[in-house]
Amino acid sequence: MSINIEKAVSFIGLPCSDPSLDDFLQQSGQKRRLTTKDRPLATVGLDSESVQLQFTDSYEETRGAPRAPGFLFLEDVTVQNGKYEEDVGDFTGTLPYGLRLDMKEAEIIKALGQPDSQDEFLGAYFLNYDAVVPGIDIIFRLDLKTREITFIRFVAAEIQ
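Numbers given in the numbering used here equal positions in the sequence shown, counted from 1, plus 1081.
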């Protein structure tokens, strides 16, 4: 099922029980609702597992005050490139900011400008963009050889 990533990212900082987030998850094909039994960390896979939503109870400790009371707060939205990730289907949704999963490093920099940091780490190359929108960072993981996106993570900015 096609996922609107910009909409998914707009829920970062909300608890899993938030009605608008819950509706989004249900409309996106997630049938089972998260409960306290899923604590302290839960991942919801959507769109043939190409989209991963990470929920955590430790949001306030690492990211700051959540946007509403509750438990299991949405911390990040990751879009995976099925070409590079095992057991992941093709992403069929839409990405914001003119991004595509088949982009390479030069195209990303052309679209978003120079990253705030970049480095080789754990067998991949990372581009990090801070506060692309207020409170949201974007992390690109690139294949070392092709410099093509293997995943894009939209994550709540860490407390400084």
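The C-beta atom is built at its ideal place from N, Cα and C for all residues, glycine as well. This one's a predicted model, so the numbers in the text were calculated from it and none came from an experiment.
If you ignore the 5 residues before and after L1180, its C-beta comes within less than 7 Å of the C-beta of A1192 and I1233, all in its own chain and listed in chain order. In the DSSP secondary-structure assignment, R1222 is bridged to F1207 and F1232. Under the 10 Å beta carbon count, F1202 is surrounded by fewer than 16 other beta carbons and is classified as exposed. Here the alpha carbon of L1106 sits roughly 8 Å from the alpha carbon of K1112. Here R1114 is exposed. Its C-beta has fewer than 16 other C-beta atoms within 10 Å.
Residue V1213 holds the alpha-carbon nearest to the alpha-carbon of G1194 among V1213, A1089, L1182 and R1120.
The bridge partners DSSP lists for P1196 come to none. According to DSSP, N1085 shares a beta bridge with T1175. One Cα belongs to M1082, the other to Q1108, and the distance between them is close to 9 Å. Contact annotation: L1127 and G1110 have beta-carbon atoms nearer than 7 Å. If you look at L1102, you'll find it in the alpha helix (DSSP H) that goes P1100 to Q1108. Counting along the chain, the unbroken beta strand (DSSP E) around E1156 starts and ends at F1154 to Q1161.
Here the alpha carbon of L1223 sits roughly 11 Å from the alpha carbon of Q1199.
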